[in-house]
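Student: Numbering (the working numbering), first residue to last: 261 to 812.
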Amino acid sequence: MSKEEIEIDIESQEILGYVIGESTPFRITFLSNSPPRVGEYVFIKHDEDYLLGMVDRSYAGNPYVPEDITNINVFKNYMEAISVREYSRGSVKIITKLKPLLERGISEAPKTPPKSSYPVYRASDKILTKIFSPNVDNCYDDYCYDPYRKIGYVRIGVLSNHPNVPVFVKVDPIVSRHLAILAVTGAGKSNSVSILTERITCGLNGTVLIFDIHGEYASSDICKDKQNIVPPKINPFSLSIFELFRLARIRDDAIKQQSILRRVYKYIKDNYKPSDPNTIEYKREFLNKILEVLKSELEKKLKKKNNTTADKGILGGFKDDEILNVINKLEDLESNYSAVLTPDAPEEVKIAIKPNELNIVDLSGVDENGSDVIVSYYTRRLLEERKKYVTTRREGYPSPILIIVEEAHILVPKDEETLTKDIIGKIAREGRKFGVGICLVSQRPKNIDENSLSQTNNRIILKIIEPNDLQYIQRATEQMSSELLELLPGLRTGEAVLLGEFTKIPALVKIDEHSGKKIGKDLEISSQWISSGKDKREEFERIKDELEMIKG
Numbered sequence: 261m262s263k264e265e266i267e268i269d270i271e272s273q274e275i276l277g278y279v280i281g282e283s284t285p286f287r288i289t290f291l292s293n294s295p296p297r298v299g300e301y302v303f304i305k306h307d308e309d310y311l312l313g314m315v316d317r318s319y320a321g322n323p324y325v326p327e328d329i330t331n332i333n334v335f336k337n338y339m340e341a342i343s344v345r346e347y348s349r350g351s352v353k354i355i356t357k358l359k360p361l362l363e364r365g366i367s368e369a370p371k372t373p374p375k376s377s378y379p380v381y382r383a384s385d386k387i388l389t390k391i392f393s394p395n396v397d398n399c400y401d402d403y404c405y406d407p408y409r410k411i412g413y414v415r416i417g418v419l420s421n422h423p424n425v426p427v428f429v430k431v432d433p434i435v436s437r438h439l440a441i442l443a444v445t446g447a448g449k450s451n452s453v454s455i456l457t458e459r460i461t462c463g464l465n466g467t468v469l470i471f472d473i474h475g476e477y478a479s480s481d482i483c484k485d486k487q488n489i490v491p492p493k494i495n496p497f498s499l500s501i502f503e504l505f506r507l508a509r510i511r512d513d514a515i516k517q518q519s520i521l522r523r524v525y526k527y528i529k530d531n532y533k534p535s536d537p538n539t540i541e542y543k544r545e546f547l548n549k550i551l552e553v554l555k556s557e558l559e560k561k562l563k564k565k566n567n568t569t570a571d572k573g574i575l576g577g578f579k580d581d582e583i584l585n586v587i588n589k590l591e592d593l594e595s596n597y598s599a600v601l602t603p604d605a606p607e608e609v610k611i612a613i614k615p616n617e618l619n620i621v622d623l624s625g626v627d628e629n630g631s632d633v634i635v636s637y638y639t640r641r642l643l644e645e646r647k648k649y650v651t652t653r654r655e656g657y658p659s660p661i662l663i664i665v666e667e668a669h670i671l672v673p674k675d676e677e678t679l680t681k682d683i684i685g686k687i688a689r690e691g692r693k694f695g696v697g698i699c700l701v702s703q704r705p706k707n708i709d710e711n712s713l714s715q716t717n718n719r720i721i722l723k724i725i726e727p728n729d730l731q732y733i734q735r736a737t738e739q740m741s742s743e744l745l746e747l748l749p750g751l752r753t754g755e756a757v758l759l760g761e762f763t764k765i766p767a768l769v770k771i772d773e774h775s776g777k778k779i780g781k782d783l784e785i786s787s788q789w790i791s792s793g794k795d796k797r798e799e800f801e802r803i804k805d806e807l808e809m810i811k812g
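(1) Taking the alpha carbon of Ala599 as the point to measure from, which residue in Asp627, Val586 and Ile574 has its own alpha carbon closest?
(2) Name the two residues that bound the continuous alpha helix (DSSP H) containing Glu689.
(3) Going by C-alpha distance, which of Val490, Lys357, Leu551 and Ile494 is nearest Arg522?
(4) Please name the residue in Leu311, Asn548, Ile670 and Ala478 whose C-alpha comes closest to that of Leu618.
(5) Exposed or buried, Ser813, counting other C-beta atoms within 10 Å across all chains shown (16 or more means buried)?
(6) Using DSSP with H/G/I as helix, E/B as strand and the rest coil, what is Asn451?
(7) In terms of residues, what are the limits of the beta strand (DSSP E) holding Thr289?
(8) Would you tell me roughly how many angstroms separate the C-alpha atoms of Ala440 and Lys674, rounded to the nearest one?
(9) Rounded to whole angstroms, what is the Cα-Cα separation between Glu851 and Asp632?
(10) What is the rounded straight-line gap between the Cα of Cys483 and the Cα of Val650?
(11) Cβ of Gly754 within 8 Å of Cβ of Asn718?
(12) Measure the CB-CB distance between Ile489 and Asp622 and report whether it falls below 8 Å.
(13) Is Ile387 buried or exposed, if buried means 16 or more other CB atoms sit within 10 Å of its CB?
(14) Among the residues of its own chain, which have a CB less than 7 Å from the CB of Ile725, if the five just before and after it don't count?
(15) So what does DSSP say about Gly630, is it helix, strand or coil?
(16) When DSSP builds the beta bridges, which residues end up paired with Cys404?
(17) Taking the DSSP output, what are the residues bridged to Asp309?
(18) Given that a residue counts as buried once 16 or more other Cβ atoms are within 10 Å of its Cβ, and exposed if not, what is Pro296?
(19) For Gln517, which of Ile771, Val586 and Arg653 has the nearest alpha-carbon?
(20) Starting from the N-terminal side, write out each stretch of the alpha helix (DSSP H) that is 4 residues or longer and does not extend beyond the stretch 329-385.
(21) Taking C-alpha atoms, which residue in Ser420, Lys614 and Cys699 lies nearest to Arg752?
(22) Report the three-state DSSP secondary structure of Arg523 (helix, strand or coil).
(23) Cβ atoms of Ile355 and Ser288: under 8 Å apart, would you say?
(24) Are Lys430 and Cys462 touching if we call contact CB-CB under 8 Å?
(25) Which residues in the same chain as Val635 place their Cβ atom closer than 6 Å to its Cβ, once the five residues preceding and following it in sequence are excluded?
(26) Express the C-alpha separation of Asp432 and Asn616 in angstroms, rounding to a whole number.
(27) Starting from Val701, follow the beta strand (DSSP E) in both directions and report where the run begins and ends.
(28) What would DSSP say about Leu499, mapped onto helix, strand or coil?
(29) Evaluate the contact criterion for the stretch 451-459 versus the stretch 490-508: three or more CB pairs, one atom per stretch, below 8 Å.
(30) Thinking Arg653 and Phe694 are a contact (beta carbons under 8 Å), I'd like their distance in whole angstroms, please.
(31) Which whole-angstrom value is the C-beta distance of Lys589 and Arg509, which I expect to be below 8 Å?
(32) Using a threshold of 8 Å, state whether the C-beta atoms of Asp406 and Val396 are closer than that.
(33) In terms of residue numbering, what span does the beta strand (DSSP E) encompassing Val429 cover?
(34) Taking just the CA atoms, how far does Lys686 sit from Pro323?
(35) Below 8 Å between beta carbons: does that hold for Ala668 and Leu643?
(36) Excluding the five sequence neighbours on either side, which residues of its own chain have a C-beta within less than 8 Å of the C-beta of Ile520, listed in chain order?
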């Protein structure tokens, strides 16, 4: 769109008002015919270009009705004059010059402020569509691919104050710069995940992995034809020593127990190499083999007490009760996680997590400890395999992947150490180079590790009410101004503020609702109670009738 076309289009639009008072290159105040809508976009005349801004505050007032008026009779005396002196005002956060945004897709802040008396126009749907919808040939209803820039886009919704303007986001920054989806319960987090994952996977043939804490996604229709439900199972031989510590509930300060298990773990790994013909059997019996060695070492120590020439074994420096404690914890581990730790689970990660599909690990039947190990295990392995593939182009995991962690405040907590927190922090720092992206989803932002959250450069922020959550989000989000922050408590279900590199400019969006959405909806409580009561009454009447027939 040429400069002349921009001017014709804008100057034919409705004038909302005029710049008044003192302005800066970042903010203006304008006098308006009626109260402007918070979150709507405006164009502001500026030298040889126009500026794009967002209304973040709206005022209505009257000089005859000051805040400190206390006499009702004085107020009544001015009733006739009040309507004549009413005024409306808006405050606008200036986002960018319009021309570089339309021509090159980049934001460029003005160096000088707009002048007083310059007109402020309501932003046209035509130009906003050019900003939020990619102008490429390979574009469908829900996704686009730009073959020249080699970037994919997916539709996420429409502008809340401009419902005819579809909003598409760039997919590459979501993976390379990570994403956070934050909101109170019931505000639309699950629906946002559903829309993004379906359009990335079914539209762009992307690879997504969801760790499904509550089993919501595993029973959904999201991208059904390319959905791969992953059993929460791990081959014990593939566990790291730290994952084994976690499952065995050996605390960080239990140094002796950690040393005992570490020594036996290393002994077995070193002594049963892949060249050994019995390797497969040892992998299948890995935990049993650890227990066998521990019990054997305990037996050697008991013999040593009666015979000074007996073999000390590999645990000669440890006490009997220390070894016995580890044996007990491993036996508890086998009992607690027999359904998770199975030799039948594939060791090769790409067999379990299928490239170019929507992979869902259902963790609804696993406790927090087990969930932490499973999430840590798969994310660790995926990062290792992606590093291998980027280096060799032959071995490793062949597809870039977006990993979605639901209930991030549990698995990546602020004030506790978890295995998932450690590997997510590593991916946040290194994943960009290897095509591993993370998406943290939570209704308790203030309980998420701040280092991990601050690395998510893209945000979908739905309704947030709790003041501490709001302050925490603002600290971890460079683009979150106090004015945008004030919008969050008042958002409707499904409305979100979009910030980050995946959108050209900050946007207030009504996210599309997933057509086959079964997850995240509130239960119809009253209906179920009434239905249950009706069933019971009918059953009671039936039994009563049968008894009367018997008596008769």
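The beta carbon of each residue, even a glycine, is placed where N, CA and C say it ideally should be.
Tutor: If we stick to the structure as given:
(1) In the sequence shown, counting from the first residue as 1, residue 599 sits at position 339. Among Asp627, Val586 and Ile574, the Cα nearest to that of Ala599 is on Asp627.
(2) Indexing the sequence shown from 1 puts residue 689 at position 429. The question names Glu, yet the displayed sequence has Arg at residue 689. Residues Leu679 to Glu690.
(3) Reading the sequence shown from its first residue, position 262 is the one you call residue 522. Among Val490, Lys357, Leu551 and Ile494, the Cα nearest to that of Arg522 is on Leu551.
(4) To locate residue 618, count along the sequence shown from 1; it is residue 358. If we check each option's Cα against that of Leu618, Ala478 comes out closest.
(5) No answer is possible for residue 813: it lies beyond the span of the chain, which begins at 261 and ends at 812.
(6) Here residue 451 refers to the residue found at position 191 of the sequence shown. Asn451: helix per DSSP, three-state reduction.
(7) Position 29 of the sequence shown holds residue 289. Note, Thr289: beta strand (DSSP E), Arg287 to Ser292.
(8) Counting from one through the sequence shown, the residue named residue 440 turns up at place 180. Counting from one through the sequence shown, the residue named residue 674 turns up at place 414. Each residue's alpha carbon lies about 15 Å from the other.
(9) Here the chain comprises residues numbered 261 to 812, so residue 851 is not present and cannot be evaluated.
(10) Against the sequence shown, residue 483 aligns to sequence position 223. Against the sequence shown, residue 650 aligns to sequence position 390. Rounded to the nearest angstrom, the two C-alpha atoms are 28 Å apart.
(11) The residue you call residue 754 lines up with position 494 of the sequence shown. The residue you call residue 718 lines up with position 458 of the sequence shown. Cβ atoms of Gly754 and Asn718: not closer than 8 Å.
(12) To locate residue 489, count along the sequence shown from 1; it is residue 229. To locate residue 622, count along the sequence shown from 1; it is residue 362. Here Ile489 is near Asp622, since their CB atoms are less than 8 Å apart.
(13) Here the question's residue 387 lines up with position 127 in the sequence shown. Classified as buried, Ile387 has 16 or more neighbouring CB atoms from the shown chains inside 10 Å of its CB.
(14) For this step, residue 725 is matched to residue 465 along the sequence shown. Counting only Cβ-Cβ distances below 7 Å, and skipping sequence neighbours, we find Val444 and Pro749.
(15) For this step, residue 630 is matched to residue 370 along the sequence shown. Helix.
(16) Your numbering for residue 404 matches position 144 in the sequence shown. BP columns for Cys404 point to Cys399 and Tyr413.
(17) Here residue 309 corresponds to residue number 49 of the sequence shown, with the count starting at 1. Note: Asp309 is bridge-paired with His306 in the DSSP secondary-structure output.
(18) Numbered from 1 along the sequence shown, position 36 holds the residue referred to as residue 296. Pro296 should be labelled buried.
(19) Looking up residue 517 in the sequence shown gives position 257. Comparing Cα-Cα distances from Gln517 to each of Ile771, Val586 and Arg653, the minimum goes to Val586.
(20) If we require 4 residues or more, the alpha helix (DSSP H) runs fully inside the stretch 329-385 come out as 332-337, 339-342 and 358-364.
(21) Locating residue 752 in the sequence shown gives position 492, counting from the first residue. Nearest option by C-alpha distance: Ser420.
(22) As a working note, residue 523 is residue 263 in the sequence shown. If DSSP states are grouped into helix, strand and coil, Arg523 belongs with the helices.
(23) By 1-based counting over the sequence shown, the position of residue 288 is 28. By 1-based counting over the sequence shown, the position of residue 355 is 95. Per the sequence presented here, residue 288 reads as Ile, with Ser not at that position. No, the pair does not count as a contact, with Cβ atoms beyond the cut-off.
(24) As a first step, residue 430 is located in the sequence shown; it is residue number 170 there, counting from the start. As a first step, residue 462 is located in the sequence shown; it is residue number 202 there, counting from the start. Contact: no.
(25) Taking the first residue of the sequence shown as position 1, residue 635 is located at position 375. Excluding residues within five positions, the ones whose Cβ falls inside 6 Å are Phe471, Leu671 and Thr680.
(26) Reading the sequence shown from its first residue, position 356 is the one you call residue 616. Reading the sequence shown from its first residue, position 172 is the one you call residue 432. In a straight line, the C-alpha of Asn616 is about 15 Å away from that of Asp432.
(27) Within the sequence shown, numbered from 1, the residue matching residue 701 stands at position 441. Start and end: Val696 to Ser702.
(28) As a first step, residue 499 must be located in the sequence shown, where it is residue number 239. Assigned with DSSP and collapsed to three states, Leu499 falls in coil, not helix or strand.
(29) Fewer than three Cβ pairs drawn from the stretch 451-459 and the stretch 490-508 lie within less than 8 Å of each other, which leaves the two stretches out of contact.
(30) Mapped onto the sequence shown, residue 653 falls at position 393. Mapped onto the sequence shown, residue 694 falls at position 434. The Cβ separation is near 13 Å, so there is no contact.
(31) Residue 589 sits at position 329 when you count from the first residue of the sequence shown. Residue 509 sits at position 249 when you count from the first residue of the sequence shown. About 6 Å separates the two Cβ atoms, so the contact holds.
(32) As a position in the sequence shown, residue 406 is number 146, starting the count at 1. As a position in the sequence shown, residue 396 is number 136, starting the count at 1. Yes, the Cβ-Cβ distance between Asp406 and Val396 is below 8 Å.
(33) Taking the sequence shown and counting its residues from 1, one reaches residue 429 at position 169. Taken as a continuous stretch (DSSP letters only), the beta strand (DSSP E) holding Val429 covers His422 to Lys430.
(34) Sequence index remark: in the sequence shown, residue 323 carries index 63 (1-based). Sequence index remark: in the sequence shown, residue 686 carries index 426 (1-based). Rounded to whole angstroms, Pro323 to Lys686 spans 58 Å at the Cα level.
(35) The residue given as residue 668 occupies position 408 in the sequence shown. The residue given as residue 643 occupies position 383 in the sequence shown. Ala668 places its beta carbon 8 Å or farther from that of Leu643.
(36) Position 260 of the sequence shown, counted from the first residue, corresponds to residue 520. Counting only Cβ-Cβ distances below 8 Å, and skipping sequence neighbours, we find Leu554, Leu575, Phe578, Glu582, Ile583 and Val586.
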